[in-house]
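Numbering (my numbering), first residue to last: 7 to 515.
For glycine and all other residues, C-beta sits at the position ideal for the given N, C-alpha and C.
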Amino acid sequence: MQTKCAIEMKGLTKRFGTVVANDGIDLQINRGEILSLLGENGSGKTTLMNMLSGIYQPDEGQILVDGEPVSIRSPKDAYAYRIGMIHQHYKLVDVFTAAQNIVLGLNDEKLDLKQINSKVQEICKRYGFNIEPSKKVYDMSVSQKQTLEIIKVLYRGADILILDEPTAVLTPQETEKLFVILKNMKADGKAVVIITHKLHEVMAISDKVAVLRKGKYIGTVETSKTNPQMLTEMMVGHAVALNIERPKYRKPFDKLRVEGLTCVDHEGICKLQDVSFTARGGEILGVAGIAGSGQKELLESIAGLYPVKEGSITCIECEDHQVQLVGLAPRQIRDAGVGMAFVPEDRLGMGLVGSMGMTGNMMLRSWKQGRSMFLDKRGPEKLAREIWEKLEVVTPSTEFPVRRMSGGNVQKVLVGREISREPSVLLTAYAVRGLDINTSYAIYNLLTYQKMRGSAVIYIGEDLDVLLELCDRILVLCAGKVSGIVDARKTTKEEVGLMMTSLKEAKND
Ligand SMILES: Nc1ncnc2c1ncn2[C@@H]1O[C@H](COP(=O)(O)OP(=O)(O)OP(=O)(O)O)[C@@H](O)[C@H]1O
Ligand SMILES: [Mg+2]
7 MQTKCAIEMK GLTKRFGTVV ANDGIDLQIN RGEILSLLGE NGSGKTTLMN
57 MLSGIYQPDE GQILVDGEPV SIRSPKDAYA YRIGMIHQHY KLVDVFTAAQ
107 NIVLGLNDEK LDLKQINSKV QEICKRYGFN IEPSKKVYDM SVSQKQTLEI
157 IKVLYRGADI LILDEPTAVL TPQETEKLFV ILKNMKADGK AVVIITHKLH
207 EVMAISDKVA VLRKGKYIGT VETSKTNPQM LTEMMVGHAV ALNIERPKYR
257 KPFDKLRVEG LTCVDHEGIC KLQDVSFTAR GGEILGVAGI AGSGQKELLE
307 SIAGLYPVKE GSITCIECED HQVQLVGLAP RQIRDAGVGM AFVPEDRLGM
357 GLVGSMGMTG NMMLRSWKQG RSMFLDKRGP EKLAREIWEK LEVVTPSTEF
407 PVRRMSGGNV QKVLVGREIS REPSVLLTAY AVRGLDINTS YAIYNLLTYQ
457 KMRGSAVIYI GEDLDVLLEL CDRILVLCAG KVSGIVDARK TTKEEVGLMM
507 TSLKEAKND
């Protein structure tokens, strides 16, 4: 029989070697409620939910579904208890259509398409989704893929839904749409658990908030009786100042001059059109825009990773040392004496090698600079240790494979490595995506430190509040064009938001 309390966890413990990822957790998940699961990077949120979805087995403790003790040994078992999880990394087959992905692995795979489609349509209508069943996954945007994952879970009859950082890859508009859907599910009596690091989302969407700290359960509070400051303290264990310092560099100087930059992708679609701006040493230049407005192409073309059709990118190392970057590969840029560091969006693709530990990943960046083919491991090891300590990376050792670290810790390793090179140009794409609030502030401070060293920092971000507080100037992109560059100390969120969607507001400082 269904009860209000859908799931009860009693003393759940999960260890990985010497790491206690979850330590005797007692937590309840109720029907007709949205519960936020909050905690710093590596605090054990994903692990705990993976035990409910059958990916991990608890070492100790018990899971009760509707009051009955159960053993969930596989995701299939989880579905039998109507538990479905939407993971941080989607598990879809690219070459299949939406409909094929939805029924993948089910016995009714051979059902006729008409029947599948009508069931999918029914789900879409009920909760407010919009999807084309015949569309191939490789043609879908990130948000469409996420929608598909959710429908897949609902198709299997789940009424306990767990979403692991679903908004990390969504635009604010897409997030709003997702929240409407989650509210519809709640109204339909489903139990929803959402993991997010964004406290304003926690406040906006959830009925209750459960907090984990270093693998331990701290408590559950009603959202209406709490606030971001209190939640942060519960997460971290002490008071944290939630404001970003923005000192002014004495005299910012021109460092990177981009003129008439135009880039076209392999299908001939224009990604950047006639983009011109100057990034200054001693400044953080923010880049704002709705997802896919050319942010990625802009950074990659500066870093020598995206072909440039027209235009120039000049790095002014000093008066008589100017380097034209167009046409140079990353290695050639470095050989030309330009100190450039790059924190890409895709951490484990372009950034780090997942099977290697921190030391190995440090080596990857530095070995080409050395003369010998034989690696001097002492430098990278020392650096790995420094980053481990300074950024409080949660990992058993500097040799632990980065792919097994929690999402936020992977990002710390990458940012730490790039910043350690004391670059004169620092390019960052979504540097705090997936990071907990405390670590995000640590990263903001590191970027500001680089700026005060005289580095030209380019910061692509999605959180307008942060862009306005952290940056000196903000360049706004709209459909691959610059719609304006504004003084971050003088502009407003509304002004930037408007520029993101229309070129008419063009205004240059
Ligand atoms: N498969 C694994 N093998 C070894 N250690 C693991 C494994 N999965 C998780 N861990 C460790 O367990 C701890 C908790 O990780 P988990 O991924 O649950 O954290 P999280 O709260 O989801 O963090 P984030 O917010 O960064 O996603 C971390 O120290 C992590 O390194
Ligand atoms: Mg996680």
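Proximity test, residue i beta-carbon vs ligand 1 heavy atom, cut-off 6 Å
i: R219; result: no
i: S49; result: yes
i: M241; result: no
i: A27; result: yes
i: M368; result: no
i: T52; result: yes
i: F102; result: no
i: V400; result: yes
i: G67; result: no
i: F185; result: no
i: G45; result: yes
i: F22; result: yes
C-beta contact flag for residue i and residue j at 7 Å
i: G48; j: N415; result: yes
i: A245; j: E251; result: no
i: V431; j: V419; result: no
i: L154; j: S299; result: no
i: V159; j: D100; result: no
i: A485; j: E424; result: no
i: D469; j: A494; result: no
i: M356; j: A390; result: no
i: V25; j: P402; result: yes
i: I322; j: D280; result: no
i: M15; j: I31; result: yes
i: R88; j: G163; result: yes
i: P221; j: G17; result: Position check: residue 221 holds Gly in this sequence, whereas Pro was assumed. Not a contact, by the Cβ cut-off of 7 Å.
i: I78; j: T177; result: no
i: P234; j: L188; result: no
i: G243; j: I480; result: no
i: E329; j: V421; result: Contrary to the premise, residue 329 reads as Val rather than Glu in this sequence. No; because the gap between Cβ atoms is not below 7 Å, this pair is not in contact.
i: V217; j: L441; result: no
i: E46; j: M241; result: yes
i: T284; j: R263; result: yes
i: G343; j: P429; result: no
i: L278; j: E316; result: no
i: K131; j: D65; result: no
i: N190; j: G111; result: no
i: S516; j: V215; result: The displayed coordinates of the chain run from 7 to 515. Any statement about residue 516 would go beyond what the structure contains.
i: I122; j: A105; result: yes
i: Y161; j: I108; result: yes
i: A27; j: T53; result: yes
Residue i beta carbon near ligand 2 (any heavy atom closer than 6 Å)
i: S412; result: yes
### Message
Just to confirm the assignment: which complete beta strand (DSSP E) runs, minimum length 3, are found wholly within the stretch 205–290?
### Response
214–219, 222–228, 259–270 and 276–287
### Query
Using 8 Å as the Cβ pair cut-off and three pairs as the minimum, do the stretch 91–103 and the stretch 168–178 touch?
yes
### Contiguous beta strand (DSSP E) assignments of at least 3 residues, all confined to the stretch 18–64
25–36 and 39–45
### Secondary structure, alpha helix (DSSP H): runs of 4+ residues fully inside the stretch 407–475
413–425 and 443–458, all fully within the stretch 407–475.
### Query
Does the stretch 286–293 come within contact of the stretch 219–233, defined as at least 3 CB pairs closer than 8 Å?
no
### Query
Between the stretch 228–247 and the stretch 63–83, do three or more beta carbon pairs fall short of 8 Å?
no
### Query
Using 8 Å as the Cβ pair cut-off and three pairs as the minimum, do the stretch 197–211 and the stretch 28–37 touch?
yes
### Message
I'd like to know if the stretch 274–283 and the stretch 459–478 are in contact, where contact means that at least 3 CB-CB pairs between them fall below 8 Å.
### Response
No: fewer than three Cβ pairs fall under 8 Å.
### Task
Determine contact between the stretch 134–144 and the stretch 51–63, defined as no fewer than three beta-carbon pairs at a distance below 8 Å.
Touching, no, given that fewer than three Cβ pairs across the two stretches are closer than 8 Å.
### Message
Quick test of the definition: if touching needs 3 or more C-beta pairs under 8 Å, does the stretch 501–510 touch the stretch 470–485?
### Response
Judged by Cβ distances under 8 Å, the stretch 501–510 makes contact with the stretch 470–485, as three or more pairs qualify.
### Any 3 or more C-beta pairs closer than 8 Å across the stretch 432–440 and the stretch 358–365
Output reads no: the stretch 358–365 does not touch the stretch 432–440.
### Query
Just checking, does the stretch 300–317 make contact with the stretch 260–272 on the three C-beta pairs under 8 Å criterion?
yes
### Query
Does the stretch 116–131 come close enough to the stretch 77–88 to have 3 or more Cβ pairs within less than 8 Å?
Under the Cβ criterion (8 Å, minimum of three pairs), the stretch 116–131 does not count as touching the stretch 77–88.
### Task
Note down, one range per segment and in chain order, each beta strand (DSSP E) of at least 3 residues found wholly within the stretch 120–175.
166–170
### Task
Could you name each continuous alpha helix (DSSP H) segment of 4 residues or more that falls completely within the stretch 348–373, going from the start of the chain to the end?
Counting only runs of 4 or more, we get 364–372.
### Task
Would you list, in sequence order, the uninterrupted beta strand (DSSP E) runs of no fewer than 3 residues that lie entirely inside the stretch 72–96?
74–76 and 89–92, all fully within the stretch 72–96.
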